[in-house]
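Student: Every letter in the sequence shown is one number past the one before it in our numbering, and letter 23, counting from 1, is 412. Glycine is no exception: its CB is placed at the ideal position from the N, C-alpha and C atoms.
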Amino acid sequence: YKLGIINDTGDLKSGIIKYGAKDMDGREIAAYTMEINVQAYSTIKLAISSDLNKDGYWFAEFGGKTVSYFPNYWKGKQWHSDFSYSVTPIKGGVSLCIEAKSFLRKVFVSVPEGKEVLFEDNFFDVQPGEEKVVKIYGDDLSAKDIVLKTFADDWNE
390 YKLGIINDTG
400 DLKSGIIKYG
410 AKDMDGREIA
420 AYTMEINVQA
430 YSTIKLAISS
440 DLNKDGYWFA
450 EFGGKTVSYF
460 PNYWKGKQWH
470 SDFSYSVTPI
480 KGGVSLCIEA
490 KSFLRKVFVS
500 VPEGKEVLFE
510 DNFFDVQPGE
520 EKVVKIYGDD
530 LSAKDIVLKT
540 FADDWNE
């Protein structure tokens with residue numbers, strides 16, 4: 390297996406990457422750190438141990454961003470959504486703060502039909518214990534307009 394790190398900016402990206410495996414409750418099973426330098430508009434690949442646990446998920450953290458990957462897709466996983474969220478008004482919209490107590494797979498934020506909005510992010514994962522903040526821009530938005538759904542709302546084997 391290889392972990393690809395893509396720098397699609399015009400600047401050198403340097404720092405410590407942390408990657409490994411976690412169980413579905415977010416507990417680290419294995420974790421590795423490495424200092425990396427990714428030149429502008431380039432990709433580097435890191436070899437990943439093939440013995441990483443495949444029952445949970447793999448993660449990588451770099452530059453304040455976290456990504457997750459399911460080596461066995463999501464077969465055999467029982468999904469549930471355990472989270473809380475708050476909505477705070479900001480200039481031109483609202484700020485949505487989601488706190489995950491369980492792994493939230495493919496969170497989707499929606500607003501009533503006919504509202505014109507711009508989502509800073511949508512359709513994302515949130516690891517257990519993680520907090521995700523998403524700004525949503527649009528006129529006349531309030532907490533009652535925000536609806537959250539996750540993969541667990543539509544899928545379980």
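According to the Cβ coordinates, are residue 523 and residue 508 closer than 8 Å?
Tutor: The sequence position of residue 523 within the sequence shown is 134, counting from 1. The sequence position of residue 508 within the sequence shown is 119, counting from 1. Against a cut-off of 8 Å, the Cβ pair of residue 508 and residue 523 comes out as a contact.
Student: If we ignore side chains and look at the alpha-carbon of each, how far apart do residue 432 and residue 520 end up?
Tutor: Counting from 1 along the sequence shown, the entry for residue 432 is found at position 43. Counting from 1 along the sequence shown, the entry for residue 520 is found at position 131. Approximately 28 Å between the Cα atoms of the pair.
Student: Would you identify the three-state DSSP class for residue 514, choosing helix, strand or coil?
Tutor: Taking the sequence shown and counting its residues from 1, the one referred to as residue 514 is at position 125. Correct three-state label for residue 514: strand.
Student: Between which two residues does the beta strand (DSSP E) holding residue 447 run?
Tutor: Against the sequence shown, residue 447 aligns to sequence position 58. That run of the beta strand (DSSP E) goes 446 to 451.
Student: Mind checking residue 494: buried by the 16 CB within 10 Å criterion, or exposed?
Tutor: Residue numbering aside, residue 494 sits at position 105 when the sequence shown is read from its first letter. Counting Cβ neighbours within 10 Å, residue 494 comes out buried, since at least 16 surround it.
Student: Here's a check: name, in chain order, each residue in its chain whose Cβ is nearer than 7 Å to the Cβ of residue 429, leaving out the five neighbours to either side.
Tutor: Translated into positions along the sequence shown, residue 429 becomes position 40. Within the same chain, residue 429 has close Cβ partners 396, 398, 399, 400 and 401.
Student: Return the chain-ordered list of same chain residues with a C-beta closer than 7 Å to the C-beta of residue 453, the five sequence neighbours on each side being excluded.
Tutor: Against the sequence shown, residue 453 aligns to sequence position 64. Contacts found: none.
Student: Between which two residues does the beta strand (DSSP E) containing residue 441 stretch?
Tutor: Mapped onto the sequence shown, residue 441 falls at position 52. Looking at the DSSP string, residue 441 is not in any beta strand (DSSP E), and its letter there is neither H nor E.
Student: Since residue 535 contacts residue 500 with CB under 8 Å, what's their CB separation in whole angstroms?
Tutor: By 1-based counting over the sequence shown, the position of residue 535 is 146. By 1-based counting over the sequence shown, the position of residue 500 is 111. Yes, residue 535 and residue 500 are in contact; Cβ-Cβ is about 7 Å, under 8 Å.
Student: Report buried or exposed for residue 411, applying the criterion of at least 16 other Cβ atoms within 10 angstroms of its Cβ.
Tutor: Mapped onto the sequence shown, residue 411 falls at position 22. By the 10 Å Cβ count, residue 411 comes out buried.
Student: Decide if residue 405 is buried, meaning its Cβ has at least 16 other Cβ atoms within 10 Å, or exposed.
Tutor: Against the sequence shown, residue 405 aligns to sequence position 16. Exposed.
Student: Helix, strand or coil: which one does DSSP assign to residue 541?
Tutor: Numbered from its first residue, the sequence shown carries residue 541 at position 152. Three-state result, residue 541: helix.
Student: Pick out whichever of 460, 479 and 473 has its Cα sitting closest to the Cα of residue 489.
Tutor: Here residue 489 refers to the residue found at position 100 when the sequence shown is read from its first residue. If we check each option's Cα against that of residue 489, 473 comes out closest.
Student: So for residue 504, helix, strand or coil by DSSP?
Tutor: What you label residue 504 is simply residue 115 of the sequence shown in a count that begins at 1. Coil.
Student: Pick helix, strand or coil for residue 429, following the three-state DSSP scheme.
Tutor: Along the sequence shown, read from residue 1 onward, the residue named residue 429 stands at position 40. Residue 429 falls in the coil class under three-state DSSP.
Student: In whole angstroms, what is the alpha-carbon distance linking residue 510 and residue 516?
Tutor: Along the sequence shown, one-based indexing puts residue 510 at 121. Along the sequence shown, one-based indexing puts residue 516 at 127. Their Cα atoms are separated by approximately 16 Å.
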